[in-house]
Amino acid sequence: MEPDLGLFCGGIAPLSVLPDQQSSGIGSKLMKAVIKASKKMEIDALFLLGDPDYYNRFGFTVSKIKNDYSVEHFQELELNKGCLVKVKSTVKYASAFLSLGT
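0 is the number of the first residue of the sequence shown in numbering that gives the first Met the number 0; add one for each residue after it.
In structure tokens:
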């Protein structure tokens, strides 16, 4: 991201809940807590890689920002509405993030 835009953004790692605990609301509670904490920290926007059918319930949409990931799975949530309009750079996760699960 362009440092001169002064944006403070966060990347959310994939969320998972143990299979026997799924559909009990744990994932939703975790996401709501992350979003609430991010707002308190005055984060402008959040990014994540994940299932659009799950994350859209929290306000995430397919990102229009250039990225190196699956188009429909790279999503954003503007906590500061309109903050990403002028972004022209490519978003990349740190290499340590990309090596998770390998």
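Glycine residues also receive a C-beta, built at the ideal position from the N, C-alpha and C atoms.
The beta strand (DSSP E) enclosing residue i, as first and last residue numbers
i, result
"residue 44", "44 to 48"
"residue 73", "73 to 77"
"residue 8", "8 to 11"
Extent of the continuous alpha helix (DSSP H) to which residue i belongs
i, result
"residue 29", "25 to 39"
Helix, strand or coil at residue i [DSSP, three-state]
i, result
"residue 57", "helix"
"residue 4", "helix"
"residue 22", "coil"
"residue 94", "helix"
Whole-angstrom C-beta distance between residue j and residue i, which should lie under 8 Å
i, j, result
"residue 83", "residue 64", "6 Å"
Minimum C-alpha distance to residue i - residue among the options
i, options, result
"residue 67", "55, 90 and 61", "90"
"residue 6", "60, 55, 94 and 79", "79"
"residue 54", "39, 37, 41 and 72", "72"
Bridge partner(s) assigned by DSSP for residue i
i, result
"residue 65", "89"
Minimum Cβ-Cβ distance from residue i to chain B less than 8 Å
i, result
"residue 65", "Included in the structure is just one protein chain, with no chain B present."
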